[in-house]
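Residue numbers (the numbering used here): 5 to 653.
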């Protein structure tokens, strides 16, 4: 009897174990996801059955409610909206029974919409960077995306309705090469943006002149497009800036090679359509392995300084622009003595103290490294920030871009990472610290960023949108449309006349009352931020709850300073630099004056004897490439005192 009882107990135990083993077993659970509006989401489960002849079926649920026709091992949701947020699980069934997966939570962040349709995000390519620029002057930002695997580059024209058309004709998109970075700038001051593209693999770099009709001509003569790097790598990045403030954009190009140090290139714009290669400046004689560069007037002396980011654990370079036209290499401070595998670099006044600070992206594709942030002390020195997530996040970081995406009056930061790592988005708390954003597609999409990321308000709603360039291993690039909020803003297009037409290097300051506090903000018009490419050329200011702008101050590269007061918020403002009259001279009894202004502009010349009553004596049209014109006043000798002014038409 006892033996039978023991046998019975054993039999029951074995039966229970067999039943448990015969149920489906989930070997991979669905995972939590956080995405932006419009994103496509995929949940997936894998399961096995002990009975190979038993089919497995699946039934997905949301908040324990069955989803019709969702009976595959994966669940695909397209164009997700806030109503799609919630908990998802799946019931896995075979003939022996059912088992339910763990619940995976879908969070949908409404701050941005991820764009998933259109060539701008469906074209495949080894995209390395990106640059916003309105090349056809229709008021809408277009986008250039270079590709670094020997294929064609991409140029997308903004249709003005939220969509883009891919341009397929012209050398600008049909030249084959290993393109790294493209930067927009008006080299000849004709009012239309030209494009410079740097190249890898020892290829010559490219310059495309804008014809003013939506097409481009590739420039084939001159040192700027016929220089070669004596290495197996090439020109990694480039940045535009008028370093001598003569009114014409100059160009700095970085060169790198994994096996040896290289000299970088600096080209001076001669103002006649040609460039001279500078060979005797410390900015180009210092050997390095440069991957990123950015111009910025960090000491507010009106002259552009230059930062160069070096890879392969070389210390970085900071060159100060001196008053005599030369550069001095800064040798003291952590900003030039820290070493890492540095790539992208970008200037931005994150603490609103009126001085440009510097962020450097480190790590690249070699190893996980922390990034660098240096706060400008306002006395020509910098303090390295060592606390906070923004410098302790460990990434394969390449590109970086400042932008006040929520319009609260403080610059936020996006960092593009390689190696299948999530990108970084840091929100500026307004007190010198940052919070890492963890919700939404910007912070959770996994790509393999080629390097580039850039902010630009492509739909003209006053809120910055973001483009991220990915390489071929991850396919499509990313475009995120900012859905905005109640905060106000102002955007300013600066048109240079005495300065370069694109106003690159101009410092724009805005004063407004935000949250009951008077706040000054600074933006410098940038001609490219090294590895990233370039944000839009129009300074953008978030204004929080401000109801008006107290002051807009423009410090032009020419030295001219303009101020405008009591301006409305939520507007796009175009401000043009005034012309400059040179002192007159008497030549053979004739009084002659010269004017420097914008190419293609007309100026009325007025005279007065008392600064109250003015009369027009001439109308000048500027046609010269150098933007100058001369005129005479035969009546000048008839007056003991005579004043002149030029008024733009």
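Just so it is clear, CB atoms sit at the ideal spot from N, CA and C, and this is done for glycine as well.
Which residues in the same chain as residue i place their Cβ atom closer than 8 angstroms to its Cβ, once the five residues preceding and following it in sequence are excluded?
| i | result |
| --- | --- |
| residue 182 | 152, 153, 154, 203, 204, 205, 207, 238 |
| residue 28 | 51, 52, 53, 60, 96, 97, 98, 100, 101, 102, 103 |
| residue 90 | 66, 67, 109, 110 |
| residue 427 | 418, 419, 420, 421, 446, 447, 449, 451, 453, 457, 472 |
| residue 368 | 295, 315, 345, 347, 400, 401, 402, 422 |
Smallest Cα separation from residue i: which of the options?
| i | options | result |
| --- | --- | --- |
| residue 350 | 92, 534, 242, 394 | 534 |
| residue 283 | 632, 227, 357 | 227 |
| residue 621 | 601, 646, 600 | 646 |
| residue 123 | 259, 172, 241 | 172 |
| residue 544 | 529, 551, 585, 41 | 529 |
| residue 509 | 293, 246, 631, 345 | 246 |
| residue 80 | 327, 92, 639 | 92 |
| residue 345 | 316, 363, 625, 160 | 316 |
| residue 592 | 629, 640, 610, 562 | 640 |
| residue 407 | 486, 240, 297, 385 | 486 |
| residue 507 | 253, 371, 398 | 253 |
| residue 473 | 405, 113, 332, 303 | 405 |
| residue 411 | 115, 614, 33, 106 | 115 |
| residue 127 | 475, 266, 589 | 475 |
| residue 436 | 332, 269, 389, 69 | 389 |
| residue 461 | 576, 551, 439, 49 | 576 |
| residue 366 | 295, 166, 613, 307 | 295 |
| residue 232 | 219, 210, 248, 249 | 210 |
| residue 434 | 387, 354, 385, 566 | 354 |
| residue 71 | 147, 88, 55, 265 | 88 |
| residue 464 | 297, 570, 142 | 142 |
Three-state secondary structure (DSSP) at residue i?
| i | result |
| --- | --- |
| residue 239 | strand |
| residue 572 | strand |
| residue 641 | helix |
| residue 589 | strand |
| residue 45 | strand |
| residue 598 | strand |
| residue 99 | coil |
| residue 167 | coil |
| residue 69 | strand |
| residue 31 | strand |
| residue 88 | helix |
| residue 289 | helix |
| residue 223 | strand |
| residue 233 | coil |
| residue 228 | helix |
| residue 60 | coil |
| residue 135 | strand |
Going along the chain, which residues of its own chain have a beta-carbon closer than 7 angstroms to the beta-carbon of residue i, five neighbours each way excluded?
| i | result |
| --- | --- |
| residue 413 | 518, 523, 525, 546, 547, 548 |
| residue 574 | 466, 492, 493 |
| residue 585 | 597, 599, 648, 650 |
| residue 163 | 169 |
| residue 324 | 309, 331, 332, 334 |
| residue 343 | 317, 318, 319 |
From which residue to which residue does the beta strand (DSSP E) around residue i run?
| i | result |
| --- | --- |
| residue 486 | 482-486 |
| residue 282 | That residue, residue 282, is in no beta strand (DSSP E); it is neither H nor E in DSSP. |
| residue 494 | 492-499 |
| residue 126 | From DSSP, residue 126 is part of no beta strand (DSSP E) but of the alpha helix (DSSP H) over 123-126. |
| residue 114 | 108-118 |
| residue 539 | Where residue 539 is concerned, there is no enclosing beta strand (DSSP E), given that its DSSP letter is neither H nor E. |
| residue 451 | Note, residue 451: premise wrong, no beta strand (DSSP E); not H, not E. |
| residue 507 | Taken as a continuous stretch (DSSP letters only), residue 507 belongs to no beta strand (DSSP E), as it is neither H nor E. |
| residue 52 | 50-52 |
| residue 606 | 606-612 |
| residue 406 | 401-407 |
Quick one: give me the first and last residue of the alpha helix (DSSP H) that residue i is part of.
| i | result |
| --- | --- |
| residue 564 | From DSSP, residue 564 is part of no alpha helix (DSSP H); its letter is neither H nor E. |
| residue 446 | 445-448 |
| residue 441 | Neither: residue 441 is in no alpha helix (DSSP H) and is coded neither H nor E. |
| residue 176 | 175-178 |
| residue 393 | Where residue 393 is concerned, there is no enclosing alpha helix (DSSP H), given that its DSSP letter is neither H nor E. |
Skipping 5 residues on each side, what residues in its chain have a beta carbon closer than 6 angstroms to that of residue i?
| i | result |
| --- | --- |
| residue 82 | 44 |
| residue 157 | 150, 151, 177, 183 |
| residue 12 | In this prediction, residue 12 has a pLDDT of 38, which is less than 50 and means its spatial position is unreliable; nothing more can be read from the coordinates. |
| residue 542 | 495, 497 |
| residue 559 | 511, 565 |
Hey, residue i and residue j are a contact pair by Cβ (cut 8 angstroms); roughly how many whole angstroms apart?
| i | j | result |
| --- | --- | --- |
| residue 599 | residue 582 | So it is not a contact: roughly 11 angstroms between Cβ atoms. |
| residue 455 | residue 133 | 5 angstroms |
| residue 292 | residue 312 | 6 angstroms |
| residue 62 | residue 94 | 5 angstroms |
| residue 194 | residue 603 | 6 angstroms |
Does the Cβ of residue i lie closer than 6 angstroms to at least one heavy atom of the ligand SAM?
| i | result |
| --- | --- |
| residue 246 | As far as ligands go, the structure on display features none, and thus does not contain the ligand SAM. |
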